[in-house]
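Please read the structure below before turning to the comments.
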Amino acid sequence: MKAVLSLCVVISAALACPLTDKKPPCCCDLPKICPATWNVKKFESQCSTVAFQGTWYIQMATPTYIKGNNPLKTGLFCNTYPSTRNQLVFEDTTPCDNTDYNTEYVVIDQSYNLYTQCIETTKTLFSPAYGKDSQHAIFNVGTEKYYKNPITEKYPFIDDKLIRHKIDGSCHREYTISVIGADDCWGEYMVLAVINQYDNFFCDKDYIIWVMTRDVAPKWSTYQKAFEDIQKSGLNPYHLISVDHSLDSLPSLPTAPSVPSGPLGPSGPLGP
Numbered sequence: 001m002k003a004v005l006s007l008c009v010v011i012s013a014a015l016a017c018p019l020t021d022k023k024p025p026c027c028c029d030l031p032k033i034c035p036a037t038w039n040v041k042k043f044e045s046q047c048s049t050v051a052f053q054g055t056w057y058i059q060m061a062t063p064t065y066i067k068g069n070n071p072l073k074t075g076l077f078c079n080t081y082p083s084t085r086n087q088l089v090f091e092d093t094t095p096c097d098n099t100d101y102n103t104e105y106v107v108i109d110q111s112y113n114l115y116t117q118c119i120e121t122t123k124t125l126f127s128p129a130y131g132k133d134s135q136h137a138i139f140n141v142g143t144e145k146y147y148k149n150p151i152t153e154k155y156p157f158i159d160d161k162l163i164r165h166k167i168d169g170s171c172h173r174e175y176t177i178s179v180i181g182a183d184d185c186w187g188e189y190m191v192l193a194v195i196n197q198y199d200n201f202f203c204d205k206d207y208i209i210w211v212m213t214r215d216v217a218p219k220w221s222t223y224q225k226a227f228e229d230i231q232k233s234g235l236n237p238y239h240l241i242s243v244d245h246s247l248d249s250l251p252s253l254p255t256a257p258s259v260p261s262g263p264l265g266p267s268g269p270l271g272p
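Listed below in structure tokens is the structure:
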């Protein structure tokens, strides 16, 4: 009788708490340039690409120093002192095309240089790395010059499907990023990871990561979500540094980018 009762209890428990698959979600459709563990976000509709636009504040970043950079330059790849108030402003280059899931964005990378007391601006172009029909949020980023000499990635990409462009206009360098974290409506936070790997003095073995938020002073819960997304991709969030946004006396930064006077076009497999 006790054996029958025990069996009933076991069966009841199994029905109430069915076994779940502990395996991580399949990443077999990821492009081969991405580590298999990365949880790359997707644009499921045009609504996602619209939500992606606008102003983002860089809140946390991988400290970056690569030989050959200007120590007084500020921006995404120069995010340590004297940088503050670093932000990105995204604008869709094809706002009338309602069929593309993954579109191009003109992006203004702005920061305030405490040393020179000036706002510094770097123009970039985010282009879908695998075309507008690919839903993966992976972009080739063509940018103006960050460094005097090109910095080369440690492990060059080999992928025939990866779209490459020639250097053109004001674009001097290219790198590739993916979005590995964001809230469902792209209205709170976003995490970008640079797929290229460089000889970074501060974090030689870590990928470069940027945590961005819509609010200039986000809640702690927003940071927690971003940290969890970074860890879900098997990356380390604990080497990130905070980007200062506390100076209220700074001049106002523009809220919308202007279209560059010269054409922007991503380059070959070089760093920024």
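The opening residue of the sequence shown carries number 1 in the working numbering; numbering runs sequentially from there. Glycine included, C-beta positions come from ideal geometry on N, C-alpha and C.
Straight-line Cα distance separating residue j from residue i
i	j	result
Thr143	Gly75	11 Å
Lys41	Asp184	10 Å
Ile33	Tyr115	38 Å
Asp133	Pro82	40 Å
Gln46	Gly131	14 Å
Lys302	Leu192	Outside the modelled stretch of the chain, which goes from 1 to 272, sits residue 302, for which no answer is possible.
Tyr189	Val216	11 Å
Cut-off 6 Å between Cβ atoms - residues of its own chain near residue i, not counting five sequence neighbours on either side
i	result
Tyr101	Phe43, Gln135
Lys219	none
Asn274	With the chain represented from 1 up to 272, any question about residue 274 goes unanswered, as that position is not in the structure.
Buried/exposed call for residue i, threshold 16 Cβ in 10 Å
i	result
Thr94	exposed
Tyr198	buried
Tyr207	buried
Cys96	exposed
Ala36	exposed
Ser48	buried
Beta-carbon gap between residue i and residue j smaller than 8 Å
i	j	result
Ile180	Asn39	yes
Thr99	Phe202	no
Thr121	Ile138	no
Met212	Gln53	no
Ile66	Asn200	yes
Asp92	Thr80	no
His245	Tyr57	yes
Ser221	Ile195	no
Same chain only: Cβ atoms within 7 Å of residue i, ignoring 5 sequence neighbours per side
i	result
Tyr112	Thr84, Arg85, Ile119, Leu250
Lys154	Gln197, Tyr198, Asp199
Thr62	Cys203, Asp206, Ile208, Ile209, His239, Leu240
Same chain only: Cβ atoms within 8 Å of residue i, ignoring 5 sequence neighbours per side
i	result
Leu5	Here the model assigns Leu5 a pLDDT of 40, short of 50, so the residue's position is not dependable, and the following value carries that caveat. Contacts found: none.
Scan the segment 81-132 and note each continuous beta strand (DSSP E) run of 3 residues or more that stays entirely inside, going in chain order. Complete beta strand (DSSP E) runs here, min 3: 83-92, 105-113, 118-128.
For a minimum of 3 consecutive residues, which ranges assigned as the beta strand (DSSP E) are wholly contained in the segment 137-220? 138-143, 173-182, 189-194, 209-213
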